[in-house]
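A quick write-up on the structure given underneath.
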Amino acid sequence: MKYWLYRLAASDPGRKRLRTASKVTLSVISSVGVMLSFVLNAGGQVTAAIFAGVIGMMGILVVNDDTEKEKKATTLLIGISSAFSVTFGSLLAKWGFAADFFLLLVVFLALYLQRFGSRYFSICMIAFMSFYFVTLLKVGFPQVPSLLLSILTGITFAYLYNFILIRDKPDEVLKRSMDSFHIQANLTLYLVSDIVRDINLEKKRLANLDRNVQKLGDYARVVSNELGSTDPGCIWPGLSTNQMRLYIFDTAMLMETLSPTIRRLKEHNALQNKAIRAALLQVIQSIREAEVLNTNQMHHLENAAASVQSLRSLLRTLKPDETNREWLYLIRRLESIANHIIDGAFELQQSLQKENKQNNPDAVKEDDNEEEKKNEEETGIRPTTKKAIQAVIAGGLAILAGHLYSPAHQYWILLSCFVVLLGTETVGRTLVKALQRSVGTFLGAIAGFLIALFLTGIQDVIVLFFCVFMAFYLLPVSYTLMMFWITMLLALMYDILLGGITEQVMAARVSDTIAGVGLGFIVSALIFPQKTRDKVTTSTTDYLDALKEYVNRYIDRFNKEHTDYNLADHALELDQLLQTLITDASPLYRGWFGRTGLQQQLTVLTATNFYAKQLVASSTRKSQLNTNSKFGELLDHVQRSLSGNIEALSSAVKGESQVRIVDLEKEREQLERIPEESKSSEQDMINHLRLLHNIHYVWRINESIVYLAKQLGAESEKSDQNAAGERGAAQL
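Position 622 of the sequence shown, counted from 1, bears residue number 608 in this note's numbering, the numbering being contiguous throughout.
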């Protein structure tokens, strides 16, 4: 029970979902309540109260500007847009095709104007929904004044809850996100402790551990994103963004390393060694107890450092032999990463006590410049223009279908068609969203119809508000679940507005939804189609470009005096690029559209990403590592060859032929033989072993790159250095 309470506490990092759902629900309740009391006293219609709730909801959901000042301005502007749309819509209702044209114009502008900022989309979106509401309820011009009052009421409460009563506080969101991260880390360590104590290898527990590690990785990305816009020094005086990101990275990497390591330790019966098991448990327990951001709990951190030191001392007493050779290095790797966490934690504590605040404004400026350059390089028809054209064509067909097959609700098909095209860059993503919307609508219609049969009066209203909360609380989790609750909400709203709900109305809702999403998918597949495979190729090459820079900067540490490249920070960015790739590829390898080749490609890239993060997680952290001239020359050659291999893989991913890659096994052997050839001293041998340890995952990355490139048709060739060596041997 305690485990699930902690799981619930960590499930919403920063409580963003709770805050958004609460603001939306309270805005809807307040808007409906105030407007309902007015219309009952004035003898108006209940539709005005419902419309006030719609505006109160939209006034929060569609406002997505970057700054609070911009959000406030947009909130006021969408009120004006809604008022204009309601007035214009009531006048155009009698003109038929004029109303259709106006809706299509709004749909086009909503998508086309996104290039200039989210504000224009917000203005057009609420204009669309306001016009849709007017036509749905056949509102005439005499009812416009009451609807204008509804708009004023809804916008007022949206503004009140969004910017005054439940105002977004970035510092608070970051602090709560860190709390969720720590809770999830402790839950993961709790599972690891149980697995270590149990000698048997239980696959169910290991699978549960893998899920928790994956969730912790998601939380790490959430916190990293928050650190991009919020200075941690405002919450914990003395801490810098780089320090926090390094600590988050180390913690996430320890958990990510624990899962496969514990599995292999059990397979090799390493945990039957009581001393090893006890030392590991002590390290895990002490890290769980350490409150890194609490300066009053230094003794827990000191205990953690002592436990890691004890594990290190134990490892020194164990000599490699036939019984432990297979697992001893695994323990050493865990000890290395745990030591990084402890070192980083002590550094955080020292910074907290010194209150030495650091800033890095140049990094943000560089990102902005890169984004501007990217925008300047765009050529041809912009994606927003393509999407706008798709929406107009699909919208025109949807309106025609609505007039022919559903004249009582002629814009239901249009609404589904418009929404399914929003935020879907590729044909595959459009299809997935269409299926999710159809399934959610079908199940929600059944549930809403059944519930509406047993509810009356105030019960309908209470459940309706509950549906609002659940829909927007679960939206970031599942679009299908959101549509389930939204359809239930609509069923109850129809029950209130139309005086009852029938099977025919809900069946029409489901069929119109399927027709709308179907039209949206067909048009996206035929008009300016963005193929999912092309998008996956672009995302893959973006990831490989970032990987090449990351590996080059890592190897630079061996031969260059200084580098300001933050490896841990960029390792988290690599993680984000990989997650984007997996999301883009999901329509191709999930469900009915599974493709073994793509799944294999993603598996290899996931492994490569793990090796890349291990470079910084389990290596010596110094700006420069001491190397001799021969080691440095060979490593330079390895760096150039690995960069070439990554570029070759990128070419193979794009479908280019005659791609060649280089196997670096000979170079690896030469690097490992250097001490033997030069008859180095014992100290040089130790330094050399440390260097080999630091580049261990460079070889693993190259092996993955070479393997995947060969799978895609690349041919292997000898490196220039190996070829030269063989030519010299032949001459002798």
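The C-beta atom is built at its ideal place from N, Cα and C for all residues, glycine as well.
Positions of the alpha helix (DSSP H) runs, each at least 4 residues long and wholly inside the segment 218 to 267, are given as 227 to 253 in order along the chain. In the three-state reduction of the DSSP assignment, residue -3 falls in the coil class, being assigned neither a helical nor a strand state. Cα atoms of residue 244 and residue 178: separation of roughly 8 Å, rounded to the nearest angstrom. Nearest to residue 116 by alpha-carbon distance, out of 592, 97 and 88, is 88.
Excluding its 5 nearest sequence neighbours in each direction, residue 194 has C-beta neighbours in its own chain below 8 Å: 177, listed in chain order. For residue 479 against residue 423, the beta-carbon gap comes to about 18 Å, at or over 8 Å, which does not count as contact.
The shortest CA-to-CA distance from residue 43 to any of 55, 86, 491 and 141 is the one to 141. Nearest Cα to residue 103 within the set 156, 73, 49 and 90: 49.
Boundaries of the beta strand (DSSP E) around residue 646: 646 to 648.
Distance between residue 276 and residue 529, taken at the CA atoms: about 35 Å. Counting only runs of at least 4 residues, the segment 439 to 467 fully encloses the following alpha helix (DSSP H) elements, listed from N- to C-terminal order: 444 to 460. The C-alpha of residue 472 lies about 39 Å from the C-alpha of residue 556. In this structure residue 440 is exposed. Its beta-carbon is surrounded by fewer than 16 other beta-carbon atoms within 10 angstroms. By the Cβ rule, the segment 553 to 568 does not count as touching the segment 624 to 639, because fewer than three pairs are nearer than 8 Å. Nearest to residue 643 by alpha-carbon distance, out of 337, 696, 160 and 72, is 696. The three-state secondary structure of residue 701, taken from DSSP, is strand. Just measuring C-alpha positions, the residue of 521, 600, 411 and 380 sitting nearest residue 505 is 380. With a cutoff of 9 Å on beta-carbon distance, residue 72 and residue 143 are scored as not near each other. A check of alpha carbon separations from residue 497 across 654, 397 and 407 identifies 397 as the nearest. Comparing alpha-carbon positions, the option among 500, 318 and 124 lying closest to residue 304 turns out to be 318.
With a cutoff of 9 Å on beta-carbon distance, residue 175 and residue 408 are scored as not near each other. In this structure, 33 is the residue among 573, 4, 334 and 33 with its C-alpha nearest to the C-alpha of residue 481. Residue environment for residue 235: buried (at least 16 other C-beta atoms within 10 angstroms of its C-beta). DSSP, reduced to helix, strand and coil, places residue 148 within a helical segment of the structure shown.
Spatial neighbours of residue 261 in its own chain (CB-CB distance under 8 Å, excluding positions within 5 residues in sequence) are listed in chain order as 300.
Scanning 680, 516, 213 and 603 for the CA closest to the CA of residue 416 turns up 516. Look at residue 561 here: in three-state DSSP terms it is helix. DSSP, read as helix, strand or coil, puts residue 311 in coil. Exclusion of the five residues before and after residue 173 leaves -11, -8, -7, -4 and 198 as the residues of its chain whose Cβ lies within less than 8 Å of its Cβ. Boundaries for residue 127: no alpha helix (DSSP H) harbours it, and the DSSP string shows neither H nor E there. Residue 287 and residue 402 have their C-alpha atoms roughly 55 Å apart. Secondary structure of residue 279 (DSSP, three-state): coil.
One thing to note: residue 132 has its Cβ no nearer than 9 Å to the Cβ of residue 14. For the pair residue 442 and residue 448, the Cα-to-Cα distance works out to about 10 Å. Relative to the Cα of residue 181, the nearest Cα in the group 207, 136 and 270 belongs to 270.
Residue 400 and residue 121 have their alpha carbons spaced roughly 12 Å apart.
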